[in-house]
Each structure stands twice: as structure tokens, then as C-alpha cells.
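Going by the working numbering, the sequence shown wraps up at 206, each residue one higher than the last.
Every residue, glycine too, gets a C-beta built ideally from N, C-alpha and C.
All of these numbers come straight from a predicted model, not from anything done at the bench.
Data block below; observations after.
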Amino acid sequence: MEQQTNNRGFGFYLKTAILIFLAGFIVLVLSGNYTWFSKTTPVMVINDMDDQFKVKPQVSSSFFNDGRSGRNPVEHTVSRNGSAYPLDKPDFDKADSLVGSNPLDITTASTREYVLSRGKNRFEAFCTPCHNYDGQGNGSVVARGFQNPPNLRDEVTKAKSDAHLYHIISAGQNIMNGYGDKIQSNDRWAIVAYVREMQKLGVKP
Ligand code: HEC
Numbered sequence: 002m003e004q005q006t007n008n009r010g011f012g013f014y015l016k017t018a019i020l021i022f023l024a025g026f027i028v029l030v031l032s033g034n035y036t037w038f039s040k041t042t043p044v045m046v047i048n049d050m051d052d053q054f055k056v057k058p059q060v061s062s063s064f065f066n067d068g069r070s071g072r073n074p075v076e077h078t079v080s081r082n083g084s085a086y087p088l089d090k091p092d093f094d095k096a097d098s099l100v101g102s103n104p105l106d107i108t109t110a111s112t113r114e115y116v117l118s119r120g121k122n123r124f125e126a127f128c129t130p131c132h133n134y135d136g137q138g139n140g141s142v143v144a145r146g147f148q149n150p151p152n153l154r155d156e157v158t159k160a161k162s163d164a165h166l167y168h169i170i171s172a173g174q175n176i177m178n179g180y181g182d183k184i185q186s187n188d189r190w191a192i193v194a195y196v197r198e199m200q201k202l203g204v205k206p
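Dropping the structure here:
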């Protein structure tokens with residue numbers, strides 16, 4: 002009997018190893034893993050809801066006739082956690098008696114830290130596009146043509162009462178819209194406290 006000889010050389014094993022590596026690589030790419038060389042959506046065999054029909058921020062919508070993805074609340078309704086602010090922009094006189102003073106306690110170190118960090122967080126989420134991070138105006142939308150708001154650290158705004166600041170945040174002032182139905186009352190007061198804190202820094206060039 003002729004003895005069987007193993008004539009598979011090094012080349013054969015190398016090629017097999019390369020093929021297995023390539024096959025594994027292709028499976029990985031196709032299986033929907035984002036890879037280091039591409040940020041585009043890969044072919045997904047099972048897409049695990051990665052790519053879904055949803056509204057993305059700042060993008061128009063083909064679902065509504067007017068093309069806007071953000072919707073206004075239905076007339077005469079308020080959001081689940083919101084409340085309707087009863088005063089209109091010019092009602093400063095009524096604000097004095099209705100609004101009162103800041104109910105949040107910032108006299109102890111821990112409540113003060115909490116209130117101010119919450120105020121900072123809300124201010125940076127809602128107000129910075131116009132008033133900027135330092136409250137001095139020239140926010141990002143101003144560069145795109147929106148009217149530059151007054152410097153919140155200026156004496157003029159500093160001289161206004163807490164009730165008036167709360168009223169302006171809630172009802173708006175001239176071309177600034179109100180946030181009464183968008184930011185909860187306590188958060189509006191936290192913003193007032195944070196604005197007061199920024200005002201201590203004075204106007205800086
Ligand atoms: C879309 C831009 C915009 C956003 C967002 C905005 N504001 Fe204003 N704000 C303005 C403009 C413009 C004025 C000046 C209105 C006027 O002509 O009286 C103003 C005025 C004010 C004033 C009155 C200043 C003064 O002394 O007359 C306060 C206080 C104020 N904003 C606070 C806030 C706070 C707090 C927020 C976030 C909750 C906010 N604003 C969000 C544009 C904006």
C-alpha cells in the first residue's frame with residue numbers, strides 16, 4: 002500500500018487563515034456594527050431598531066403638511082407637567098402681587114448649590130441661544146440675524162425685581178417669547194437665582 006503523504010504546505014494554511022479572517026470580517030461589517038472606517042449606516046440583517054422612523058431634532062418632517070416636526074400644543078391645553086401662566090407680557094403691575102418672591106431657599110450651602118446648578122442647567126438649555134452662556138448676549142442665533150437681547154448682567158436688568166424677572170421668563174418681553182408653558186415654575190425660579198448669580202460678576206467686555 003502506498004503511504005499517503007501530507008503535501009499541504011505552509012501556503013495552504015496561510016490562504017485558509019486569510020479566507021477565514023476575511024469571511025469573519027465581512028460578516029462583522031454586514032451585521033450592522035459601525036466600524037472604525039465608516040460612519041454610514043451599514044447593511045443590517047437585524048437592525049435592532051437602530052434605524053427607525055422618527056423625528057430627529059432640527060430636521061423637517063414629511064409627516065405633517067406644514068413640514069415642521071416640532072408641534073405647538075393644541076389650543077387651550079398645557080403640557081402634562083406644565084401650567085398656564087395667567088399674565089400677558091405687559092402685565093408687570095399684576096406680576097408684583099401675583100408672583101411674589103423666590104420660593105426657593107438658597108440660604109443653606111446644600112440647597113444653594115442644588116438650586117444654582119439646576120438654574121444653570123435650565124438657563125443653558127433654554128436661554129443661551131440668545132443670551133449666551135455668560136448672560137451677556139451675542140448668543141449663537143444673534144450671529145444668524147436675530148435681535149441681540151440686552152445684557153442680563155447690566156444694571157438695568159439687575160435693578161428689576163425677582164418677580165419681574167420671573168414674569169419676563171414666564172410671559173416673555175417684546176420679541177422674546179414666554180416660557181411659562183415650557184419650563185416648570187420651580188425651574189423658572191432657579192433660573193432667576195442663577196441670573197442673579199451671574200449679575201454679581203458685573204458686565205465684562
Ligand atoms: C430667541 C431668543 C431668546 C431666548 C431663547 C431667550 N431670550 Fe430673553 N430676551 C430676548 C430678547 C430679544 C430680549 C429683549 C426683548 C425686548 O426688546 O424687550 C430678551 C429679554 C430678556 C430679559 C429682560 C431684560 C431687560 O432688562 O429688559 C430677561 C430677564 C430675559 N430675556 C431672560 C431670559 C431667560 C432667563 C431666558 C431663558 C429661559 C431667555 N431670556 C430666553 C431673547 C431671548
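Range of the contiguous alpha helix (DSSP H) that encloses residue i
{"i": "residue 152", "result": "Unbroken run through residue 152: none, as it is neither H nor E."}
{"i": "residue 258", "result": "Not covered by the structure: residue 258. The range shown for the chain is 2 to 206."}
{"i": "residue 130", "result": "129-132"}
{"i": "residue 169", "result": "163-172"}
{"i": "residue 98", "result": "93-100"}
{"i": "residue 84", "result": "Careful: residue 84 lies outside any alpha helix (DSSP H) and carries neither H nor E."}
Nearest residue (CA-CA) to residue i, options the options
{"i": "residue 123", "options": "70, 164 and 187", "result": "187"}
{"i": "residue 152", "options": "140, 145, 176 and 12", "result": "140"}
{"i": "residue 149", "options": "159, 50 and 129", "result": "129"}
{"i": "residue 162", "options": "98, 28, 142 and 51", "result": "98"}
Cβ-based neighbour list, residue i, same chain, cut-off 7 Å, excluding 5 preceding and 5 following
{"i": "residue 104", "result": "190"}
{"i": "residue 96", "result": "88, 164, 165 and 168"}
Residue j beta carbon less than 9 Å from that of residue i
{"i": "residue 75", "j": "residue 64", "result": "no"}
{"i": "residue 147", "j": "residue 180", "result": "no"}
{"i": "residue 182", "j": "residue 70", "result": "no"}
{"i": "residue 158", "j": "residue 200", "result": "yes"}
{"i": "residue 79", "j": "residue 136", "result": "no"}
Residue i CB to nearest heavy atom of the ligand HEC below 8 Å
{"i": "residue 166", "result": "yes"}
{"i": "residue 158", "result": "yes"}
{"i": "residue 177", "result": "yes"}
{"i": "residue 27", "result": "no"}
Contact set for residue i: own chain, Cβ-Cβ below 8 Å, skip 5 residues either direction
{"i": "residue 193", "result": "103, 120, 163, 166, 167 and 170"}
Residues near residue i by beta carbon distance below 6 Å, same chain, minus five either side
{"i": "residue 173", "result": "90 and 179"}
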